[in-house]
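The sequence shown: position 100 = 94 (the numbering used here), numbered continuously. A virtual CB, placed ideally from N, CA and C, is assigned to each residue, including glycine.
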Amino acid sequence: MKRLSLPLLAAAALLFSGCSSKQYFEPAQTYSASYATSTYGSKIVDLSRDGATLQNGQYIGKKGVQHINLGEGYRFLSESSAYVLAGNAEGKLKIINKKSGKTIRTVDLEVPIVSASVHNGMIAYILNSNAFGIYSIKANKKVMENRSEVTYAIDTRAASPMFIDSLVVMPMLDGKLIVLDSNNPVDAKVIYLSSDKVFNNVIFLDRMGDTMVAATPEKLITLGVDGQMEYRAEISDVAVSGSTIYLFQKDGEILKLNRMLEVLAQKKFKYAHYAASTAFGGKVYALDQQGALIVLSSDLKKHKIYDLGEVESPVFIGGHKLYKDGKIIDLSKLGY
């Protein structure tokens, strides 16, 4: 048997001690959520910001489980009232008529699609190469395509493009927002969030009235009439509810912020690692990877923890419902 040198033995010891010393969130008391739980008969195999792809080829959108089959090898990207968008590893973009469930067109973009959105017959997309473009369904052609800087590694929580009337906000993989007019996309405005070279893509993009909210894994920004504000943190997720932003950090801390990114309240759950989160109806919800669902009051002063069981596959929150390992938990039925 080959002997390990002392330096290798020391490195191995450090490796195993590091693994064994990993800390987990262990709440002192938990409650059952069985009364708010039902099943949907499949499991999630892929996530996008706007939904999830199921093992049976169907998808979950913001309004729940949908019975349109995306086709083998395709993942759900996003949807509108008229269309469903799906992509595969070969860079094929499938456009499905939502009413009939039939594919009306398959567009070869040649590079895998990270995210896409559709609005008024226009599709905004971002590719794995950090190229971005706009495709017209009616004209059956690319209106434009361009490329930002090359990226080498991205966070899997990639935000989807956002339409604001005719404007499109592209959340790029290199920490930029590119804003352009879909009717005249020649001129574009670039907003810089961060300049890190790896794991720097925009993971969250939303609106709070006239204020735009965006985040990378290291920075949260708001952009509105008061200018651009920023808050640095190790970010797990972000949620917007009314005029409030909730920031879920990788150290287990949850912050309540206003649009100026001033901290209004905070609560820390030691060693919690958030797999999914949301905020609505005066409550804040955060699911730890070990299956503890924390339900808090909007001021973060009260909370109650429900045991949902360890997270075994990706989870998605759509509307008021949490989809986890084949189960649907109606969050609106859970109190604090």
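* Asked: When the Cα of Asn178 is compared with those of Asp200, Asp168, Met166, Gly127, which residue comes out closest?
  -> For this step, residue 178 is matched to residue 184 along the sequence shown. For the residues Asp200, Asp168, Met166, Gly127, the minimum Cα distance to Asn178 belongs to Gly127.
* **Beta-carbon proximity of His314 to Asp301, cut-off 8 angstroms** => Reading the sequence shown from its first residue, position 320 is the one you call residue 314. Reading the sequence shown from its first residue, position 307 is the one you call residue 301. Result no, Cβ atoms of His314 and Asp301 do not sit closer than 8 angstroms.
* Asked: To the nearest angstrom, how far is it from the Cα of Leu328 to the Cα of Tyr18?
  -> Within the sequence shown, numbered from 1, the residue matching residue 328 stands at position 334. Within the sequence shown, numbered from 1, the residue matching residue 18 stands at position 24. Each residue's alpha carbon lies about 24 angstroms from the other.
* **Cut-off 6 angstroms between Cβ atoms - residues of its own chain near Glu304, not counting five sequence neighbours on either side** => Here the question's residue 304 lines up with position 310 in the sequence shown. Correct list, in chain order: Gln284, Gly285.
* To do: Identify every residue that forms a DSSP beta bridge with Tyr183.
  => Here residue 183 is taken as the residue at index 189 of the sequence shown, counted from 1. In the sequence under discussion, the amino acid at residue 183 is Lys, which differs from the Tyr named in the question. Paired residue(s): Val173.
* Asked: Less than 8 angstroms separating the beta-carbons of Ile322 and Thr31?
  -> Counting from one through the sequence shown, the residue named residue 322 turns up at place 328. Counting from one through the sequence shown, the residue named residue 31 turns up at place 37. Yes, Cβ-Cβ distance for Ile322 and Thr31 is below 8 angstroms.
* Asked: Three-state secondary structure (DSSP) at Ser230?
  -> Working through the sequence shown from its first residue, we reach residue 230 at position 236. Ser230 falls in the strand class under three-state DSSP.
* Secondary structure at Ser28, three-state DSSP: helix, strand or coil? -> For the purposes of this step, residue 28 is taken as residue 34 along the sequence shown, with counting starting at 1. In the structure shown, Ser28 sits in a helix (DSSP, three-state: H, G or I).
* **Distance between beta carbons of Ala118 and Phe157, contact taken as under 8 angstroms** => As a working mapping, residue 157 is identified with position 163 in the sequence shown. As a working mapping, residue 118 is identified with position 124 in the sequence shown. Indeed, because the Cβ distance is near 7 angstroms, the residues count as touching under 8 angstroms.
* To do: Look at the Cβ atom of Ala259, then the Cβ atom of Tyr268, and state whether they are nearer than 8 angstroms.
  => By 1-based counting over the sequence shown, the position of residue 259 is 265. By 1-based counting over the sequence shown, the position of residue 268 is 274. No. Outside cutoff.
* What is the DSSP secondary structure of Lys318, reduced to helix, strand or coil? -> Numbered from its first residue, the sequence shown carries residue 318 at position 324. Of the three classes helix, strand and coil, the one that applies to Lys318 here is strand, per DSSP.
* To do: Per DSSP, which residues does Thr272 bridge with? Please list them.
  => As a working mapping, residue 272 is identified with position 278 in the sequence shown. Tyr279, per the DSSP bridge assignment.
* Taking DSSP as the reference, what is the three-state secondary structure of Lys327? -> Looking up residue 327 in the sequence shown gives position 333. Reduced to three states, the DSSP call for Lys327 is helix.
* Cα-Cα separation, Tyr186 to Thr210 -> Your numbering for residue 186 matches position 192 in the sequence shown. Your numbering for residue 210 matches position 216 in the sequence shown. The straight-line gap from Cα to Cα measures roughly 11 angstroms.
* Asked: Which two residues bound the contiguous beta strand (DSSP E) that contains Ile107?
  -> Position 113 of the sequence shown, counted from the first residue, corresponds to residue 107. 107 to 113 is the extent of the beta strand (DSSP E) around Ile107.
* To do: Rank Gly312, Ile288, Leu294, Ile311 by C-alpha distance to the C-alpha of Ala27 and give the top, closest one.
  => Your numbering for residue 27 matches position 33 in the sequence shown. For the residues Gly312, Ile288, Leu294, Ile311, the minimum Cα distance to Ala27 belongs to Ile288.
* Asked: Quick one: does Ala269 have its CB under 8 angstroms from some CB of chain D?
  -> Any reference to chain D falls outside this structure, which holds one protein chain only.
* Assuming Gly312 and Ile54 make a contact with CB atoms under 8 angstroms, what is their CB distance in whole Å? -> For the purposes of this step, residue 312 is taken as residue 318 along the sequence shown, with counting starting at 1. For the purposes of this step, residue 54 is taken as residue 60 along the sequence shown, with counting starting at 1. Rounded, the Cβ-Cβ distance is 6 angstroms, consistent with contact.
* Entirely enclosed beta strand (DSSP E) segments - the stretch 119 to 156, minimum 3 residues -> 125 to 130, 135 to 141
* To do: From the DSSP output, in three-state form, read off Phe310 for me.
  => Residue 310 sits at position 316 when you count from the first residue of the sequence shown. Residue state, collapsed to three classes: strand.
* Taking all protein chains shown into account, decide if Ser237 is buried (16 or more other Cβ within 10 angstroms of its Cβ) or exposed. => By one-based count along the sequence shown, residue 237 stands at place 243. The residue in question, Ser237, is exposed, as its Cβ has fewer than 16 Cβ neighbours within 10 Å.
* Close beta carbons around Ala6, own chain, < 6 angstroms, minus the five adjacent residues each side -> For the purposes of this step, residue 6 is taken as residue 12 along the sequence shown, with counting starting at 1. Only weak support exists for where Ala6 lies, its pLDDT of 46 falling under 50; the coordinates are left without a value.
* Determine, using beta carbons only, whether Leu402 and Val278 come nearer to each other than 8 angstroms. => Absent from the model: residue 402. The displayed extent of the chain is -5 to 330, so no value can be given.
* Given Val59, which residues of its chain have a CB within under 7 angstroms of its CB, disregarding the five upstream and five downstream residues? -> Your numbering for residue 59 matches position 65 in the sequence shown. For Val59, where only same-chain residues beyond five positions count, the Cβ hits under 7 angstroms are Tyr34, Gln52.
* Any non-hydrogen atom of the ligand SAM closer than 7 angstroms to Leu199 Cβ -> The model on display carries no ligand, and the ligand SAM is accordingly not part of it.
* Quickly, what does DSSP pair Lys262 with across the bridge? List them, please. => Locating residue 262 in the sequence shown gives position 268, where the first residue counts as 1. DSSP lists Glu247 as partners of Lys262.
* For Ile62, which of helix, strand or coil comes out of DSSP? -> Position 68 of the sequence shown, counting from 1, holds the residue named residue 62. In the structure shown, Ile62 sits in coil (DSSP, three-state: anything other than H, G, I, E or B).
* Top-ranked residue by Cα proximity to Asn91, from Val163, Leu79, Leu48, Lys57 -> Counting from 1 along the sequence shown, the entry for residue 91 is found at position 97. Nearest option by C-alpha distance: Leu79.
* Own chain, CB closer than 6 angstroms to Ser326, minus 5 neighbours either side, in chain order -> For the purposes of this step, residue 326 is taken as residue 332 along the sequence shown, with counting starting at 1. These residues qualify, in order along the chain: His314.
* To do: Pull up the distance between the alpha-carbon of Pro155 and that of Lys183, whole angstroms please.
  => Residue mapping note: residue 155 aligns to position 161 of the sequence shown, counting from 1. Residue mapping note: residue 183 aligns to position 189 of the sequence shown, counting from 1. Taking the straight line from one Cα to the other gives about 15 angstroms.
* Asked: When we look at the beta-carbon of Leu161 and count the other beta-carbons within 10 Å, is it buried (16 or more) or exposed?
  -> Counting from 1 along the sequence shown, the entry for residue 161 is found at position 167. When all chains shown are included, Leu161 counts as exposed.
* Asked: Who does Phe70 pair with in a DSSP beta bridge?
  -> Here residue 70 refers to the residue found at position 76 when the sequence shown is read from its first residue. In the DSSP output, where bridge partners are listed per residue, Phe70 has Ala80.
* Asked: With C-beta atoms as the reference, is Leu87 less than 8 angstroms away from Gly95?
  -> As a first step, residue 87 is located in the sequence shown; it is residue number 93 there, counting from the start. As a first step, residue 95 is located in the sequence shown; it is residue number 101 there, counting from the start. Not closer than 8 angstroms, so no.
* Asked: In the structure shown, what three-state DSSP assignment does Ala208 receive?
  -> Residue mapping note: residue 208 aligns to position 214 of the sequence shown, counting from 1. In the structure shown, Ala208 sits in a strand (DSSP, three-state: E or B).
* Asked: Looking only at C-alpha atoms, which of Ile215, Tyr240, Asp231, Val234 sits nearest to Tyr225?
  -> Position 231 of the sequence shown, counting from 1, holds the residue named residue 225. Measuring from the Cα of Tyr225, the nearest candidate turns out to be Ile215.
* To do: With Pro21 as the anchor, note down where its beta strand (DSSP E) starts and where it stops.
  => Here residue 21 refers to the residue found at position 27 of the sequence shown. Where Pro21 is concerned, there is no enclosing beta strand (DSSP E), given that its DSSP letter is neither H nor E.
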